[in-house]
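Q:
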Amino acid sequence: MVFTLAHLLGFDLMPRIRNWKGLTFYRPSKKSEYVHIDALFGEPRKNVVDWDLIESQFRHLMRVAVSVREGVISSATLLKRLRSGSHKNATYTAFREVGRVIRTVQLLRYLTDAPLRRRVTAATNKVESFNRFSQWVGFGNQGVIADNDPVEQEKAMKFNALLTNAAIFHNALDIAEIVRQLLEEGWEIDPEDLAQVSPYVTERIKRFGEYSTHELAIQPEAYDPKLDVDFTQLRDQKPAASGFGTAA
Numbered sequence: 637m638v639f640t641l642a643h644l645l646g647f648d649l650m651p652r653i654r655n656w657k658g659l660t661f662y663r664p665s666k667k668s669e670y671v672h673i674d675a676l677f678g679e680p681r682k683n684v685v686d687w688d689l690i691e692s693q694f695r696h697l698m699r700v701a702v703s704v705r706e707g708v709i710s711s712a713t714l715l716k717r718l719r720s721g722s723h724k725n726a727t728y729t730a731f732r733e734v735g736r737v738i739r740t741v742q743l744l745r746y747l748t749d750a751p752l753r754r755r756v757t758a759a760t761n762k763v764e765s766f767n768r769f770s771q772w773v774g775f776g777n778q779g780v781i782a783d784n785d786p787v788e789q790e791k792a793m794k795f796n797a798l799l800t801n802a803a804i805f806h807n808a809l810d811i812a813e814i815v816r817q818l819l820e821e822g823w824e825i826d827p828e829d830l831a832q833v834s835p836y837v838t839e840r841i842k843r844f845g846e847y848s849t850h851e852l853a854i855q856p857e858a859y860d861p862k863l864d865v866d867f868t869q870l871r872d873q874k875p876a877a878s879g880f881g882t883a884a
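Count along the sequence shown from 1, add 636, and you get the number used in the working numbering.
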C-alpha cells in the first residue's frame with residue numbers, strides 16, 4: 637500500500653530491499669512467462685495482477701490520493717485505516733493490487749541495476765544517519781513521547797526536529813570554518829573527500845547544555861555559506877541509473 641500511495645502522489649519509491657528473496661513477484665497475466673527469471677514469480681499462472689479490480693476502483697484511488705495531497709487526510713492516517721480495514725474492502729484490495737504492480741517493477745529494477753542499488757544504499761544510509769542523530773538529540777525519557785494528546789505529540793516531534801536541524805547547522809558551520817582554516821594554511825581540499833564528511837557528529841555537543849541568559853540578546857554574525865572549493869565536478873556527475881524520488 638505504501639508503494640501505491642507513493643506512486644499516486646508522484647514519488648518513485650525505491651527503498652533499500654534486504655530480504656527481497658522472500659517477496660512475491662506478480663505476473664501481468666496468467667500467460668506471462670519469462671525465460672530466465674520465471675522462478676521469481678512462483679508457480680506458473682499464479683500471482684497474477686487483478687487489472688479489472690484496479691480499473692473498477694481507479695476513481696476511488698485517485699480521490700484518496702487527492703485527499704492526501706490536499707491535506708484532507710494524512711498519509712499516516714490513511715494507511716492506518718487501510719491496514720485496519722477488512723481485506724474484503726474494495727479500496728483496500730485495489731490499493732494492495734496496485735502496490736503489487738509497482739513493487740514488482742521496483743524489485744526488477746533493483747535486481748538488474750547495480751548503480752541504482754548503490755545510489756539507494758547511499759541515500760538510505762544518509763536517512764538512517766539523520767534518524768540516529770535525531771534520536772540521540774531527543775534522549776529525554778529515552779525518546780518515548782508519553783503524552784497521549786496528539787497536539788502535544790506533534791509539538792514534541794517538531795521541537796525535536798527543530799533542535800536536530802539546529803545542531804546539524806551548527807556542525808556544518810564548524811566544518812566550514814575548519815575547511816577555511818586548512819585552505820588558508822595551504823592545504824588542498826578534495827571535494828570528494830569533503831563530500832564524505834558528515835554533519836551528524838555528537839562528540840562536541842553537550843546535550844545538557846550550558847545556559848547563559850545574558851547571551852540571549854547577542855545577535856550572531858551572519859554566516860558565510862561560500863567555500864573556496866570547486867564542487868563543479870561533483871555537480872556535473874550524472875547518475876548512472878534512472879532517477880528516483882525520495883519518499884522517506
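Built from N, CA and C at the ideal position, the CB exists for glycine as well. Nothing here was measured: the structure is a model prediction, and the numbers come from that model.
#1: Counting only the same chain and skipping the five closest in sequence on each side, list residues whose C-beta sits under 7 Å from that of alanine 782.
#2: Which runs of the alpha helix (DSSP H), 4 residues or longer, sit entirely within the stretch 672-738?
#3: Please name the residue, chosen from Thr868, Ser834, Gly646 and Val865, that lies closest to alanine 701 on a Cα-to-Cα basis.
#4: Could you check how far apart the C-beta atoms of phenylalanine 661 and leucine 676 are, in whole angstroms? I think they sit under 8 Å.
#5: Between the stretch 695-711 and the stretch 729-743, are three or more C-beta pairs nearer than 8 Å?
#6: Going by Cα to Cα distance, which pick from Lys657, Thr640, Glu790 and Thr740 is closest to leucine 718?
#7: Should the stretch 665-680 be called in touch with the stretch 765-777, which here means at least 3 C-beta pairs below 8 Å?
#8: For tyrosine 859, I'd like the list of residues in its chain whose CB is within less than 7 Å of its CB, leaving aside the five on either flank, ordered along the chain.
#9: Given a cut-off of 8 Å, decide if isoleucine 811 and proline 827 are closer than it, judged by their beta-carbon atoms.
#10: Under the three-state reduction of DSSP, which class applies to arginine 754: helix, strand or coil?
#11: Determine whether the Cβ of glutamine 778 lies closer than 8 Å to any Cβ atom of chain D.
#12: Which same chain residues, not among the five before or five after valine 684, have their C-beta less than 6 Å away from its C-beta?
#13: Which one of Ile673, Leu752 and Asp829 has the shortest CA to CA distance from phenylalanine 867?
#14: Quick one, are the C-beta atoms of leucine 743 and tryptophan 656 less than 8 Å apart?
#15: Under 8 Å Cβ to Cβ from leucine 747, same chain only, skipping five residues before and after it: list those, please.
#16: Could you compute how far the alpha carbon of leucine 689 sits from the alpha carbon of asparagine 725?
#17: In this structure, does DSSP put arginine 840 in helix, strand or coil?
#18: If we ignore side chains and look at the alpha-carbon of each, how far apart do leucine 715 and methionine 637 end up?
#19: Would you call alanine 803 buried or exposed, if buried means 16 or more other Cβ atoms sit within 10 Å of its Cβ?
#20: Would you grab the beta carbon distance between leucine 818 and aspartate 864 for me? Rounded to a whole angstrom, and I think it's under 8 Å.
#21: Return the chain-ordered ranges of every alpha helix (DSSP H) run that is complete within the stretch 818-864 and spans a minimum of 4 residues.
A: On the basis of the data shown:
#1: none
#2: 687-692, 694-705 and 711-720
#3: Gly646
#4: 5 Å
#5: yes
#6: Thr640
#7: no
#8: Leu809
#9: no
#10: helix
#11: In the displayed structure, chain D is absent; only one protein chain is listed.
#12: Arg663 and Lys666
#13: Asp829
#14: yes
#15: Trp656
#16: 11 Å
#17: coil
#18: 7 Å
#19: buried
#20: Leucine 818 to aspartate 864, Cβ: 11 Å. No contact.
#21: 827-830
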